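*Asks:* Chains A and B are the protein sequences, given in the same order.
With the numbering used here applied, the first sequence has no gaps in its numbers, which climb one by one up to 1274 at the end.
With the numbering used here applied, the second sequence has no gaps in its numbers, which climb one by one up to 525 at the end.
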Amino acid sequence: MKNIDSYSHVRGESIYVDDIPVREDTLFGVVFASKIANGKIISINTTNAEQVDGVFRIITDKDIPGENQIGSIFPDEELFASDKVDFIGQPLGLILAKSEKIARDALETIEVEIEPEIPVVDPRIAADKGLLIHDPRTFEIGDISASWDNCDIIVEGKAESGGQEHLYIETQGAYAFPIENDAIKVISSTQGPTQVQKALARVIGQPMHKVQIDVQRLGGGFGGKEDQATAWGCMAGLATYITKRPVKLIPNRLEDLRMTGKRHPYTSDYKLGLSNDGKILSYEVIFYQNSGAAADLSPAVLERTLFHANNTYFIPNMKATAYPCRTNLPPNTAFRGFGGPQGMFVIESALAHAADVMQLDRDHLQKINLLDEGDSFHYGQVAVNPTAKRTWEEAETRYNLLGLKNRLQQFNAENVNFKRGLAVMPICFGISFTKTMLNQAGALVHIYMDGSLSIATGAVEMGQGVTTRVAQVPMKLFSLPIELVKIESTNTTRVANTSPSAASATHDLNGRATQIACEKIKSRLITLSITLMGLDETAEIIFDESKVRNSQNDQTITWKELILEAYLRRIDLSAHGLYSVPKINFDTTIEKGSPFAYYSYGTAFIEITLDCIRGTYVVDHVKVVHDFGKSMNNIIDLGQMEGGIVQGIGWMTSEDLVYDDSGKLQSNALSTYKIPDIYAAPKEIHTHFLENAENEFGLFKSKAIGEPPLLYGLGVYFAIRNAVKAFNPKSKIGFMAPITPEKVLLNLYDGLTLRSAKRMDNSIKIPTN
Amino acid sequence: MSAHELFILNNEIITDEMLSSDEITYSSLLLDFVRYNKRLPGTKIGCREGDCGACTVLVGDLVNDQLDYQQIVSCLTPIGNIIGKHVVTIEGINREQLTPIQREIINEGGTQCGACTPGFVVSLTGYALNNDVVGPEQIIGSMDGNICRCTGYKSLEKAAISILPMLDSINKTDTLRIQGLVENEFIPDYFLEIKDRLINLNRNLSRKTELHKSSNILIGGGTDLYVQRAEWLTRQSADFLELKESSSFINHENGKVVIGAGITSTQLMESKVLTDIFPNIYKHFKLFGSTLIRNIATLGGNIVNGSPIADMVIFFLALNPTINLQAQQEKRSLNLRDFFLDYKTLDLKEDEIVSSIDFSLPPDNGCFNFEKVSKRTYLDIASVNSAFYVDFDATNTITTAGLTAGGVAPVPKYLTIGSEYLIGKQINNQTLLNLLDIVDQEISPISDVRGSAEYKRLLLRQLIIAHFITLFENSVHIEELIA
């Protein structure tokens, strides 16, 4: 089934926040923000700005009727900075004017005096100074200190991965309207409507029922609108609460880039011990997460880094420690993978390091350490029906790994100016919110008397196709055509207490909730059908192509007749369903438990060609065998797969997020921050859906797909690294993503000099580790 | 005063009265006009710097009596540049039924969050309207300025390729082509009358003025000015190169090539005259911006912007051209390499504009190569770019040489010493090694977001090696140069 939004998408008729017709009395907001990364606020002078013709009002922390606080996990983030600034782009206040242009004119006239202090942007320095969001956490299994003696090979080193800007095409934004009795409706571009509702209620000092959040869809989220959308919704809602006027607040791209948090950069130390035959015996890793200036979702991201520190390998002795380092950058946040990719990059780097030392291909080490049935993760959960080995073996045969390697070796032997590199990337990703409480979802299903359905859930559509999957639920249960099913916008008055659309779990959770609600109505309809057909109570009623029939005498009643009859007999045609994921648990006091409903597995081969003269590369192909469970929707699953891979490749290659020492974003525009374009995508992506992979824990036996494919992108780093080493075996190329053309070229010629121009090469500094 | 018809937006005539009642001037941006004044929200705002294509629209213009459509970014296009033309947004493409392009994008799952989708539909429709080469490479190339952050490129490629057979069967000449596209449901039938309506509209519109500066600000394509200073510019009274007489031409006579400043990148790369001289110009210009930018970015704009990394400047500078300047009364010419005085400082007087550049070529045209490396290969600004022009006598001795480099000095750099060194030399490893050593002393790169100084120094070395390998494949070998 095609994405149900696609018709309006291709016609440009889908509505995003900025497309909503503007009410005449609307005020337009522009945020004024700190230009200093760390310092005390001495004074803010808005007098001149207030005089600008068309400026209605300026709001700062002093105007907040409730609490100046929007932090979700910890209350450590003010809506408007009150006496201290902690990052460049931190909101100090909001200008409200009758047009955005006027508000921007006024922006120039605001004088802010801040007494600057030296900012901290490096997470290791922050850790040294004890600047942490919370205490470090350690997950441990086996006896790590005793285990080193048993290792034949031990490698130690450092691995770094950079941040990543979400770059949703639709920027953050909110449009707030006053409703009578001091209530507010906010149309928000958020992945977490309840989050915005809760925070705004707190800011205006009113109960949550005074705040209604509505989300039609997002023009991309990727995690960037999970917590980071809250501030924009709150600022617009607060302004409406104060002015009693509609307020539209949409940052332009440069503001969005500067003010919002991104994927966490990590710098990590690893120590990996193996036996001579390549079995991993011990792994110790310390992660320094660059959390930014406030907690945001950093504690949860950090937790997932620890969960995925072993990727898809069984490691008997392991100790993983993580420091959430408070720095003077915008609060870093969720991004597809949620800390998992950062954790996996380190173990994959350590394995590459070990393979170098052992002079064999990394995939040999990867393969023999894959998780098996009954293996325990370092936090205690036991692998049940892991498809790590199955996907690997299927990929190995289907795509002929040996043949790929032979062809590559031959190419590299015959070519000097170009080298090819291959990497295998097996993945494992746990599905569930690691915060157990969030693993719940509600759905409200109405069947109107004409037989058409209206479904509301807590799921936010952001391109992942969740509304399509939710629509498939009643279609399947009642055997109805899509024309009878409508998915409503996500609205906190229809479905309350929603978990954010995140953790790849949205369609599992909300689809199951919809299923539960539909089943309730279905059982009423079955009872009614039995009555109408005059059958005994045990008769089987089958829903079949907009009809019900019974298996005994083939009597049928059409769907529309049945529904009308139910209405006439005053049978409830509405139902609410709540799904909560069973069995999952995690005890943070001992850092043990089974936090995931199930895991997603797969294996990819990534091959690249490196231009060794210019230091540039192209991704030739990515070949994947992935466990989708029993796919509910191949087209949507494939879109998530291909999109995730390319986004992961972007993170590993051209997406170079750069802050300078003053905490200022250098890659501050699309001209300097480069996400993949159509030519940066691999020339070919082959995806094979693993067969016979029904998942008893997923919606209709499917598996979640949102985040896992991004992890395959990690492989490109190692493929490029292999090609660099093929050209220059002396290269000391380490593990420092993204592997930009700059790093590639400097490493290609590391230790090589021009025959007649040695002077020049001596001046070149090579970044290794 | 009666209203003057200025341009057509989809199926609607836009007059000067309509603009002034909306407080829209020639300096205002087309994107804001279509979204906020005309309430056509299908054209999305992504970045406002021409780097994402969410705001793609088509502009149809009469060129030699043919109606020619091109896709452009509306976020950098001032109203002044669309006078006398037909602007088409996604709403102007929609028919009652889906077009084949829209249908195939749906079938292939080529839309996820949807925010970039209208831009892709418009770009592909632009390809259907204006292409003269039907092939996978060209149709995929037509999307090179559109960014999809859900990164559904593979399904978009599949969608594009699946419409090729339909396009193949449609006639190439403009009137019949538009008719064919209407019949095949690619575009609505109002397109059939656009050509006549534009002819009519232009008859009553004296849009071309003389080639000199009448305001403080002269805008070419706007692709750099509107990135840097949009908010300021939209409030200024500006002058438009597009509204000037004959500034987009290419002449090649008696060994001399003259190129008008108003010519666009697309016109340059598709020019038959230039393709004869630079057989790989299409491939090289593909590295400059994107289709959406190349369709509007001008040579003159690239020159006066003064960027040390200006692609077109680095390209032509290797031929050591003359730049021709025009004031209201006087004309002046100087060597292009002397035009750039210091970082963003030009030898250009207040009332002068760049009218053209010209260069001479020997009868056999010589050898030419261009190299550019950036973080992302396409639609990115160079870390370093370089062009190399060289010619030989009968004994394979170099008679003429021009080597340029961008990103390694405050100005687009003509490497004078290196170029002169080559005269009288043969192509071999030693010549190259000596050249590299000389060039290394001629440059002064700085570290910035496009790369460290060390990297730029190494990269230029490599790009010069690349020039030699590309042009004289068997004469130099990397493994003999390094140890």
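By construction, the Cβ of each residue, glycine as well, lies at the ideal position given by its N, Cα and C atoms.
All of these numbers come straight from a predicted model, not from anything done at the bench.
#1: Less than 8 Å between CB atoms is the rule here; does B:Thr159 satisfy it with respect to chain A?
#2: Pull up the CB-CB distance for A:Glu1247 and B:Tyr497, whole angstroms please, since I reckon it's below 8 Å.
#3: Please confirm whether B:Gly84 has its beta-carbon closer than 8 Å to some beta-carbon of chain A.
#4: Under DSSP, the alpha helix (DSSP H) around B:Leu527 begins and ends at which residues?
#5: Along the region 402-425 of chain B, where does the CB come closer than 8 Å to a CB of chain A? Name the residues.
#6: Let me see if you follow: with CB-CB separation under 8 Å, is A:Lys1179 close to chain B or not?
#7: Going by Cα to Cα distance, which pick from B:Ile125, B:Asn53, B:Leu341 is closest to B:Leu72?
#8: Helix, strand or coil for B:Ile124, going by three-state DSSP, please let me know.
#9: At a cut of 8 Å, does the region 542-556 of chain A reach the region 666-674 of chain A through at least three beta carbon pairs?
#10: Identify every residue that forms a DSSP beta bridge with A:Leu637.
#11: Quick check: A:Tyr788 and A:Ile820, are their CB atoms within less than 8 Å of each other?
#12: Around the C-beta of A:Thr765, are 16 or more other C-beta atoms found within 10 angstroms, so that it is buried, or is it exposed?
#13: Considering only heavy atoms of the ligand SAH, does any lie closer than 7 Å to the CB of A:Gly678?
#14: Return helix, strand or coil for B:Phe410, following the three-state DSSP convention.
#15: Give every residue of the same chain whose Cβ lies closer than 8 Å to the Cβ of A:Leu909, excluding the five residues on either side of it in the sequence, and list them in chain order.
#16: Pick out the complete alpha helix (DSSP H) segments inside the region 338-389 of chain B, 4 residues or longer, and give them in chain order.
#17: When you compare the CB of A:His1012 with every CB in chain B, is at least one pair closer than 8 Å?
#18: Which chain B residues are close to A:Val1163, counting only those with a beta carbon under 8 Å from its beta carbon?
#19: Relative to the C-alpha of A:Asp566, which candidate in A:Ala554, A:Ser587, A:Ile578 has its C-alpha closest?
#20: Measure how close the beta-carbons of A:Ala480 and A:Asn1015 come, nearest whole angstrom, since I'm counting them as under 8 Å.
#21: So who's on the other strand from A:Thr1108, going by DSSP bridges?
#22: So, with DSSP's three-state summary, where would you put A:Asn1252?
#23: Per the contact definition of three or more C-beta pairs closer than 8 Å, is the region 1214-1233 of chain A in contact with the region 1111-1129 of chain A?
#24: State the Cα-Cα distance for the pair B:Asp231 and B:Val176, rounded to the nearest angstrom.
#25: Using C-beta distances below 8 Å, list every residue in its chain close to B:Asp210, excluding the 5 sequence neighbours before and after it, in chain order.
#26: Please list, in chain order, the chain B residues whose beta carbon lies closer than 7 Å to that of A:Gln1152.
#27: How big is the Cα-Cα spacing for A:Asp633 and A:Ser652?
#28: How many angstroms separate the CA atom of B:Ser461 from the CA atom of B:Val450?
#29: In the DSSP output, what is A:His1193 paired with across the bridge?
#30: Could you work out which residues of chain B lie near A:Arg925, taking near to mean beta carbons separated by less than 9 Å?
#31: Mapping DSSP to helix, strand and coil, what is A:Gln1275?
#32: Just the C-alpha distance for A:Cys1117 and B:Gln504, rounded to the nearest angstrom, thanks.
#33: DSSP state of A:Gln696, grouped into three classes?
#34: Just grab the DSSP bridge partners of B:Ser428 for me.
#35: So that I know if they touch, is there some Cβ in chain B lying closer than 8 Å to that of A:Leu1216?
#36: Of all the alpha helix (DSSP H) runs that stay within the bounds of the region 540-618 of chain A, which reach a length of 4 or more residues?
*Replies:* Based on what the coordinates show:
#1: For the purposes of this step, residue 159 of chain B is taken as the residue at position 117 of the second sequence. At a cut-off of 8 Å between beta carbons, B:Thr159 contacts chain A.
#2: As a working note, residue 1247 of chain A is residue 742 in the first sequence. As a working note, residue 497 of chain B is residue 455 in the second sequence. Sure, about 5 Å apart at Cβ, within 8 Å.
#3: Taking the first residue of the second sequence as position 1, residue 84 of chain B is located at position 42. It does: the Cβ of B:Gly84 has a partner Cβ on chain A nearer than 8 Å.
#4: Only positions 43 to 525 of chain B appear in this structure, which leaves residue 527 of chain B out of reach.
#5: Within the region 402-425 of chain B, the residues whose Cβ lies closer than 8 Å to some Cβ of chain A are Glu413, Val415, Ser416, Lys417, Arg418, Thr419, Tyr420, Leu421, Asp422, Ile423, Ser425, listed in chain order.
#6: Here residue 1179 of chain A is taken as the residue at index 674 of the first sequence, counted from 1. True, the Cβ-Cβ gap to chain B drops below 8 Å.
#7: One-based indexing of the second sequence puts residue 72 of chain B at position 30. In terms of CA proximity to B:Leu72, B:Ile125 leads the group B:Ile125, B:Asn53, B:Leu341.
#8: Working through the second sequence from its first residue, we reach residue 124 of chain B at position 82. In this structure, B:Ile124 counts as coil in the three-state DSSP scheme.
#9: At 8 Å Cβ cutoff, the stretches do not touch.
#10: Residue mapping note: residue 637 of chain A aligns to position 132 of the first sequence, counting from 1. Paired residues: A:Cys830.
#11: Residue numbering aside, residue 788 of chain A sits at position 283 when the first sequence is read from its first letter. Residue numbering aside, residue 820 of chain A sits at position 315 when the first sequence is read from its first letter. Cβ distance < 8 Å, so A:Tyr788 and A:Ile820 count as in contact.
#12: Numbered from 1 along the first sequence, position 260 holds the residue referred to as residue 765 of chain A. Buried: at least 16 other Cβ atoms inside 10 Å.
#13: The ligand content of the structure shown is nil, which means the ligand SAH is not present either.
#14: As a first step, residue 410 of chain B must be located in the second sequence, where it is residue number 368. Strand.
#15: Looking up residue 909 of chain A in the first sequence gives position 404. The beta carbon of A:Leu909 lies closer than 8 Å to those of Leu927, Phe1110, Glu1112 in the same chain, with the five residues before and after it left out.
#16: Counting only runs of 4 or more, we get 341-346, 353-359, 378-381.
#17: In the first sequence, the residue the question calls residue 1012 of chain A occupies position 507. Chain B contact via Cβ: absent.
#18: The sequence position of residue 1163 of chain A within the first sequence is 658, counting from 1. Among the residues of chain B, those whose CB is under 8 Å from the CB of A:Val1163 are Val491, following chain order.
#19: Counted from its first residue, the first sequence places residue 566 of chain A at position 61. Ranked by Cα distance from A:Asp566, the options A:Ala554, A:Ser587, A:Ile578 are led by A:Ser587.
#20: Summary: the structure shown does not reach residue 480 of chain A, with chain A confined to residues 506 through 1274, and so no result is reported for it.
#21: Walking along the first sequence from the start, residue 1108 of chain A turns up at place 603. Answer is A:Pro931, A:Val1130.
#22: Here residue 1252 of chain A is taken as the residue at index 747 of the first sequence, counted from 1. Taken through DSSP and simplified to helix, strand or coil, A:Asn1252 comes out as helix.
#23: Verdict: yes, contact present.
#24: Here residue 231 of chain B refers to the residue found at position 189 when the second sequence is read from its first residue. Here residue 176 of chain B refers to the residue found at position 134 when the second sequence is read from its first residue. Distance from the CA atom of B:Asp231 to the CA atom of B:Val176, rounded to whole angstroms, is 23 Å.
#25: Indexing the second sequence from 1 puts residue 210 of chain B at position 168. Excluding residues within five positions, the ones whose Cβ falls inside 8 Å are Val176.
#26: Looking up residue 1152 of chain A in the first sequence gives position 647. What A:Gln1152 touches in chain B: Thr193.
#27: Counting from 1 along the first sequence, the entry for residue 633 of chain A is found at position 128. Counting from 1 along the first sequence, the entry for residue 652 of chain A is found at position 147. Going from the Cα of A:Asp633 to the Cα of A:Ser652 covers about 28 Å.
#28: Working through the second sequence from its first residue, we reach residue 461 of chain B at position 419. Working through the second sequence from its first residue, we reach residue 450 of chain B at position 408. Here the alpha carbons of B:Val450 and B:Ser461 stand approximately 16 Å from one another.
#29: Working through the first sequence from its first residue, we reach residue 1193 of chain A at position 688. A:His1193 pairs with A:Val1130.
#30: Counting from 1 along the first sequence, the entry for residue 925 of chain A is found at position 420. Below the 9 Å Cβ cutoff, chain B contributes no neighbours of A:Arg925, its closest Cβ being approximately 17 Å away.
#31: Not covered by the structure: residue 1275 of chain A. The range shown for chain A is 506 to 1274.
#32: To locate residue 1117 of chain A, count along the first sequence from 1; it is residue 612. To locate residue 504 of chain B, count along the second sequence from 1; it is residue 462. C-alpha of A:Cys1117 to C-alpha of B:Gln504: approximately 9 Å in a straight line.
#33: Here residue 696 of chain A is taken as the residue at index 191 of the first sequence, counted from 1. Correct three-state label for A:Gln696: coil.
#34: The count along the second sequence starts at 1 and reaches residue 428 of chain B at position 386. Looking at the DSSP assignment, B:Ser428 forms a beta bridge with B:Glu413, B:Ala447.
#35: Numbered from its first residue, the first sequence carries residue 1216 of chain A at position 711. Cβ-Cβ to chain B under 8 Å: no for A:Leu1216.
#36: Here the runs fully enclosed are 552-556, 605-612.
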